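Asker: One structure follows; several queries about it will come next.
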Amino acid sequence: MSLRVWVHVGGSICVSNSTTEEARTGRVDKNVPMVCGHTAPVLDIAWCPHNDNVIASGSEDCTVMVWEIPDGGLTLPLREPVVTLEGHTKRVGIVAWHPTAQNVLLSAGCDNVILVWDVGTGAAVLTLGADVHPDTIYSVDWSRDGALICTSCRDKRVRIIEPRKGTVVAEKDRPHEGTRPVRAVFVSDGKILTTGFSRMSERQVALWDMKHLEEPLSLQELDTSSGVLLPFFDPDTNIVYLCGKGDSSIRYFEITSEAPFLHYLSMFSSKESQRGMGYMPKRGLEVNKCEIARFYKLHERRCEPIAMTVPRKSDLFQEDLYPPTAGPDAALTAEEWLGGRDAGPLLISLKDGYVPPKSRELRVNRGLDTGRRRTTPEASGTPSSDAISRLEEEMRKLQAMVQELQKRLDRLEETVQAK
1 MSLRVWVHVG
11 GSICVSNSTT
21 EEARTGRVDK
31 NVPMVCGHTA
41 PVLDIAWCPH
51 NDNVIASGSE
61 DCTVMVWEIP
71 DGGLTLPLRE
81 PVVTLEGHTK
91 RVGIVAWHPT
101 AQNVLLSAGC
111 DNVILVWDVG
121 TGAAVLTLGA
131 DVHPDTIYSV
141 DWSRDGALIC
151 TSCRDKRVRI
161 IEPRKGTVVA
171 EKDRPHEGTR
181 PVRAVFVSDG
191 KILTTGFSRM
201 SERQVALWDM
211 KHLEEPLSLQ
221 ELDTSSGVLL
231 PFFDPDTNIV
241 YLCGKGDSSI
251 RYFEITSEAP
261 FLHYLSMFSS
271 KESQRGMGYM
281 PKRGLEVNKC
291 EIARFYKLHE
301 RRCEPIAMTV
311 PRKSDLFQED
321 LYPPTAGPDA
331 ALTAEEWLGG
341 RDAGPLLISL
351 KDGYVPPKSR
361 ELRVNRGLDT
371 GRRRTTPEAS
381 GTPSSDAISR
391 LEEEMRKLQA
401 MVQELQKRLD
411 RLEETVQAK
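Quick note: the sequence shown, position 339, residue 339 per the UniProt record's numbering, numbers continuous.
Below is the structure:
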C-alpha cells in the first residue's frame with residue numbers, strides 16, 4: 001500500500017513513501033521534490049479513500065487542487081494538478097472526501113460556504129451558502145455512509161446537514177460554553193462527539209445522541225491546556241483518539257452503547273509537542289505486530305510515525321482486534337450518490353494482509369470544465385513544466401556535488417590540523 005507521510009510547507013506539499021528510511025527517521029531533506037502548484041500556503045490536505053495515489057489540497061489562494069502521486073513517490077517536482085477546483089472567494093481551510101462515493105470531494109472556505117465537487121468533471125455540484133453557516137466553519141465530518149455531514153461553526157452551533165437537500169436536520173447551540181473553537185465528528189450508533197472548552201477554559205469532550213441534543217450522554221473535563229482537541233474515530237473498535245495542537249500526548253476513549261457511554265482508556269505521551277496530526281487508514285497497519293492505529297505527528301521540521309499496539313505474544317491473527325474494515329473500493333459512483341443513494345463502505349478482511357490494487361488513474365472529463373483550463377506553456381511563451389523539472393534536477397545534482405566536495409574539504413582540513 002503506497003501510503004505516505006505528509007508535510008506541507010508554505011504553498012508546497014512534501015510527500016514521501018512511508019516505508020523508506022527517511023520517513024521512519026522523519027527529517028525532510030531540503031532537496032526533496034515537492035508538490036508545488038498553489039500560490040499561497042496550503043491549509044488542509046486529504047488523501048482519497050479510494051485511490052492511494054490521489055490527494056486533495058486546500059489553500060489560501062482560494063482554490064482546491066487534486067494531485068496524482070506516481071507509484072514510488074516523486075522523483076521530480078509536481079506542478080500540474082489533475083484538476084483545479086475554483087469556486088471559493090476566500091481561503092479554503094477544509095477538504096474532505098466522501099467516504100463511499102467515487103470522486104466526491106467537499107471543501108469549506110472562509111467565505112462560510114461549503115462546496116461539494118464531482119472531481120471527475122471538475123464541477124461544483126452542491127453548494128451550502130452563507131445562509132447555512134453565518135460565520136467561519138471550524139470543522140466538517142461525513143457520516144460513515146456519506147448521507148449526512150456534521151459541522152461546527154464560529155456561531156457556536158453544531159449542525160447535522162443533509163447536503164443533497166441543503167437542509168439542517170438537527171443542530172445544537174453551544175455544546176460547550178467556552179468561546180474557543182469546537183470540533184465535531186460522527187461516531188457509532190447515531191451519535192456525535194464534540195470537543196471544546198468550558199466557561200473556565202477547561203478542555204472538554206462530550207458525546208451526544210443526534211435525536212436528542214438537549215443534554216449530552218456524557219461530558220468530561222480534561223485539563224486547562226489551550227490547544228484545540230482534534231478527534232479521530234475508529235469505527236472498527238469504537239475508539240476515539242484526541243490529539244491537541246501543541247500537546248505532547250494522545251488520549252483515547254472507548255464508546256459503548258450503555259452508560260456511562262464514554263470510557264477513558266489511556267494516554268500516549270512523548271517529550272515533544274505536535275504541530276499537527278495525521279491518521280492512517282486501517283488497511284495500512286501491521287497486523288502481525290498487533291498495531292491497531294497509526295498516527296503521523298508533525299514537528300517543526302520532521303514527521304514522526306506513532307504506532308498504537310496491543311501487547312500480545314501470539315503471532316496468530318487477532319480477530320477481535322481486526323474486524324472487517326473499509327477497503328479501497330467505492331460503494332457508489334458520484335452520480336448514484338447525487339441521485340439519492342447511500343451505502344456504507346465496502347469492507348475487507350486484514351487476515352491475510354492487505355494487497356493494494358493496481359494503481360488507478362484519476363480521469364477528469366475536462367470537456368465540462370473548459371473555462372478553467374490554464375493556458376499552455378507554448379501559448380504563454382513560458383518554459384514548459386518538463387523543462388523546468390529538468391533544470392531543477394540538474395540543480396539538485398550540482399548541489400549534491402558541491403556538498404560532497406565540501407565534506408571532502410572539511411576532512412582534509414581536519415587531517416591538516418591533526419598533523
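Virtual Cβ for every residue (Gly too), placed ideally from N, Cα, C. Please read all numbers here as calculations on a predicted model, not as lab measurements.
(1) Which whole-angstrom value is the C-beta distance of residue 243 and residue 277, which I expect to be below 8 Å?
(2) Quick one: complete beta strand (DSSP E) runs, 3+ long, within the region 217-247?
(3) Just the C-alpha distance for residue 377 and residue 328, rounded to the nearest angstrom, thanks.
(4) Is the beta carbon of residue 12 less than 9 Å from the beta carbon of residue 58?
(5) When the distance is taken between beta carbons, is residue 73 closer than 9 Å to residue 17?
(6) Enumerate in chain order the residues of its own chain whose CB-to-CB distance from residue 172 is below 6 Å, with the five nearest sequence positions on each side excluded.
(7) Would you kindly check if the distance between the Cβ of residue 282 and the Cβ of residue 350 is under 9 Å?
(8) Are the CB atoms of residue 67 and residue 78 nearer to each other than 9 Å?
(9) Quick one: what's got a C-beta closer than 6 Å to residue 135's C-beta in the same chain, skipping five residues either side?
(10) Residue 283 by DSSP, collapsed to three states: which one?
(11) Can you look up residue 53 in the DSSP assignment and give me helix, strand or coil?
(12) Return the residue from the list 85, 253 and 297 that minimises the CA-CA distance to residue 428.
(13) Could you tell me if residue 169 is buried or exposed, where buried requires 16 or more neighbouring beta carbons within 10 angstroms of its beta carbon?
(14) State the DSSP-derived secondary structure class of residue 277, mapped to helix, strand or coil.
(15) Bridge partners for residue 58 per DSSP, in chain order?
(16) Quick one, which of 175, 180, 274 and 149 has its alpha-carbon nearest residue 165's?
(17) Classify residue 184 as buried or exposed, calling it buried when 16 or more other Cβ atoms lie within 10 Å of its own Cβ.
(18) Which partner residues does residue 192 have in the DSSP bridge list?
(19) Alpha carbon to alpha carbon, what distance is there between residue 392 and residue 326?
(20) Rounded to whole angstroms, what's the CA-CA distance from residue 339 to residue 93? Just pull it up for me.
(21) Contact check, residue 146 vs residue 100 under 8 Å by CB: the rounded distance?
(22) Of all the CB atoms in chain D, is at least one closer than 9 Å to the CB of residue 150?
(23) Which two residues bound the contiguous beta strand (DSSP E) that contains residue 124?
(24) Among 193, 290, 305 and 181, which has the Cα closest to the Cα of residue 311?
(25) Residue 46 to residue 415, Cα distance in whole Å?
(26) Am I right that residue 218 and residue 260 are in contact with their C-beta atoms under 8 Å? What's the rounded C-beta distance?
(27) Taking 7 Å as the limit between beta carbons, can you name the residues of its chain near residue 198, skipping five residues before and five after?
(28) Can you give the beta carbon distance from residue 292 to residue 321, rounded, assuming they're within the 8 Å contact cut?
Answerer: In short, the structure shows the following:
(1) The Cβ separation is near 4 Å, so the contact holds.
(2) 218-221, 229-234 and 239-244
(3) With a pLDDT of 38 at residue 377, under the threshold of 50, the predicted position of this residue should be treated as unreliable, though the coordinate-derived value follows. For residue 377 and residue 328, the distance between alpha carbons rounds to 36 Å.
(4) no
(5) yes
(6) 158 and 213
(7) In this structure, residue 350 lies near residue 282, with their beta-carbon atoms less than 9 Å apart.
(8) yes
(9) So the qualifying residues of the chain are 153, 154 and 155.
(10) helix
(11) coil
(12) Examination of residue 428 is not possible in this model, given that the chain is present from 1 through 419 alone.
(13) Answer is exposed; the Cβ neighbour count stays below 16.
(14) Strand.
(15) 44 and 64
(16) 149
(17) Counting Cβ neighbours within 10 Å, residue 184 comes out buried, since at least 16 surround it.
(18) According to the DSSP secondary-structure assignment, residue 192 is paired through a beta bridge with 186 and 208.
(19) 40 Å
(20) 28 Å
(21) 5 Å
(22) The chain inventory of the structure shown lacks chain D, comprising one protein chain alone.
(23) 123-128
(24) 290
(25) So the two alpha carbons sit approximately 51 Å from each other.
(26) 6 Å
(27) 176, 177, 178, 204 and 221
(28) 6 Å
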